[in-house]
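2 protein chains.
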Amino acid sequence: MAIDTTPSSLTPLSPILEAAQECFVEQGYHGTSIRVIAARAGLSVPGLYHHYRSKQQMLQDVMKHAMTSLYRQSEDALAAAETDPLAQFNALVGCLVRFHAFERAPAFIAYSEIRSLDEEARREHIARRDAQQRLMDQVVEAGVAAGEFTTPHPTEASRAIVTMCTSVAQWYRMDGPLTPDELVDRYLAIARMTIGARG
Amino acid sequence: MAIDTTPSSLTPLSPILEAAQECFVEQGYHGTSIRVIAARAGLSVPGLYHHYRSKQQMLQDVMKHAMTSLYRQSEDALAAAETDPLAQFNALVGCLVRFHAFERAPAFIAYSEIRSLDEEARREHIARRDAQQRLMDQVVEAGVAAGEFTTPHPTEASRAIVTMCTSVAQWYRMDGPLTPDELVDRYLAIARMTIGARG
DNA sequence: CTCTTCCGACCGAGCGATCGCTCGGTTTAG
DNA sequence: CTAAACCGAGCGATCGCTCGGTCGGAAGAG
């Protein structure tokens, strides 16, 4: 029985999109030619176009996959946690940190290539981004309403916490000084201080 | 006597680099052709190349200007503040927030186009970025040593604070719901909670 | 003062290379 | 035999960049 070695990714990407994702991370969308995607995927250029309509569509699929993966994991984490505000908060922050630390490629693209999306796809992406932010907003709001969180600025604190977790994708290395567990523990502690969790 | 209307920018950019900067923000470096930079600057393509060696050099100049502006402002803010840790911290966080809110274009490019830099320029840029981070690290360290800041994770908290300030450039709008003063006040309050400032 | 020279600022046209993408096939699995 | 999977070659467009100039104003010569 095989062990799932990609704990954060619910559904795997196709090899082609995986290749495209890596190229987009390293060179950016406009800096990546379809020829290097094809070479990385072990295909010819027409081989690529047999599976995907355009380079733009590859980007859209990669970004949609990233956002829906994160959202689904967030929902699961919230559903699996106790219902009190602090437990919900810990679950969501932990999920955010893990995703951005262990799924760096999709996480990085999800916020660095927004401007490369066609207008309609960009609107959809931003809607997904806002929905993700709203999860945190609601958890923080609930904690403030329950008197568990003492921050005087729930909206801004919520955004600050999401962005500090998001940017973990920019610097975290699995082989760096912090183990995954240490990383999550420390960011949980920091995030709790940021919203002013009691205790 | 003229009033300086660009409070965050110590030295102005040339009109050409200003045009390049705007294009890079909107389309990204690889998504921007020199022809659109030229059009935006009101010049022909050879006109551009009379002043700058290459598109790459324009990017390097824009990014270097952004980083050195921020660093100089940070030094000035620290020098102008009282020497106690909390005052130094407030000065540095305020400076960071103001720069990323009011100088959105250079701030955005400074962290979104790193991968578009040539290898040597990228090394230099990252060195400047690290120096900027070190300013915050030192202030936080001093506060922890003085018993003013209670965070159990100074290094990670320092990075979290810098990144939450940095990402202000991604969403803040001058004509949005938050006035500049409100923005700075709230981020100061949030950052103080994040490092666990007493009182 | 005029005339000549010179130089920095600028541009029309276009170079070779590469871009995203497609045509007209062949190969391969069932 | 069919259909999905795949590819060599190459299309028109655009890329970064340059060639060979024009032009106006400052500087020097008479």
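Chains as they are written, first to last, in full-length UniProt numbering: chain H, 1 to 199; chain B, 1 to 199.
Think of the CB as a built atom: it goes at the ideal place given N, C-alpha and C, for glycine as much as any other residue.
Note that the coordinates shown come from a computational prediction; the quantities given were computed from them, not determined experimentally.
Checklist entry - Val144(H): which of Phe99(H), Glu26(H) and Asp84(H) sits nearest, CA to CA? => result Asp84(H)
Next on the checklist: Under 9 angstroms, Cβ to Cβ, is there at least one residue of chain B near Thr179(H)?
Outcome noted: no
Checklist entry - In terms of residue numbering, what span does the alpha helix (DSSP H) encompassing Pro46(H) cover? => result Here the alpha helix (DSSP H) through Pro46(H) covers Val45 to His51.
Checklist entry - Which same chain residues, not among the five before or five after Glu113(H), have their C-beta less than 8 angstroms away from its C-beta? => result So the qualifying residues of the chain are Phe24, Gly28, Tyr29, Leu59 and Met63.
Checklist entry - Is the beta carbon of Leu86(H) sitting closer than 9 angstroms to the one on Arg186(H)? => result no
Checklist entry - What is the rounded straight-line gap between the Cα of Asp4(B) and the Cα of Val184(H)? => result Its pLDDT being 44, under 50, Asp4(B) is placed unreliably by the model, and nothing is read from it.
Checklist entry - Of all the residues that make up the segment 139–160 of chain H, which are near chain B by a beta-carbon distance shorter than 8 angstroms? => result Thr151, Pro152, His153, Glu156, Ala157, Arg159 and Ala160
Next on the checklist: Excluding the 5 residues flanking Asp118(B) on each side, which residues of the same chain have their C-beta closer than 8 angstroms to its C-beta?
Outcome noted: Gln56 and Gln60
Checklist entry - Would a C-beta distance cut-off of 9 angstroms place Ala157(H) and His100(H) closer than the cut-off? => result no
Checklist entry - For a contact meaning CB atoms closer than 8 angstroms, what does Ile190(H) contact in chain B? => result Thr151, His153, Glu156, Ala157, Ala160 and Thr194
Checklist entry - Does the beta carbon of Met164(B) sit closer than 9 angstroms to a beta carbon anywhere in chain H? => result Yes, Met164(B) lies at the interface with chain H (some Cβ there is under 9 angstroms from its Cβ).
Checklist entry - What are the boundary residues of the alpha helix (DSSP H) that Tyr71(B) is part of? => result It spans Lys55 to Ala80 - the alpha helix (DSSP H) in which Tyr71(B) sits, taken as one unbroken run.
Checklist entry - What are the start and end residues of the alpha helix (DSSP H) that includes Asp181(H)? => result Pro180 to Ile195
Item to check | Range of the contiguous alpha helix (DSSP H) that encloses Leu117(H) | outcome: In the DSSP assignment, Leu117(H) falls outside any alpha helix (DSSP H), carrying neither H nor E.
Item to check | Status (buried if at least 16 other CB within 10 Å, exposed otherwise) for Ser33(H) | outcome: exposed
Item to check | Whole-Å CB distance - Ile195(B) paired with Thr151(B), under 8 angstroms assumed | outcome: In this structure, Ile195(B) and Thr151(B) form a Cβ contact; the two beta carbons are roughly 5 angstroms apart against a cut-off of 8 angstroms.
Next on the checklist: By DSSP's criteria, Phe149(B) is part of a beta bridge. Which residues make up the other side?
Outcome noted: DSSP, once it has assigned bridges, lists Ala197(B) as partnering Phe149(B).
Checklist entry - Taking 9 angstroms as the CB-CB limit, is Gln132(H) close to chain B? => result no
Checklist entry - Using the rule of at least 16 other Cβ atoms within 10 Å of the residue's Cβ for burial, across every protein chain shown, is Arg98(H) buried or exposed? => result buried
Next on the checklist: On the DSSP letters alone, give me the boundaries of the alpha helix (DSSP H) that His100(H) sits inside.
Outcome noted: Pro85 to Phe102
Checklist entry - Who are the Cβ neighbours of Tyr52(B) in its own chain at under 6 angstroms, not counting the five residues just before and after it? => result Met58
Checklist entry - Do Thr163(B) and Thr163(H) have their C-beta atoms closer together than 9 angstroms? => result yes
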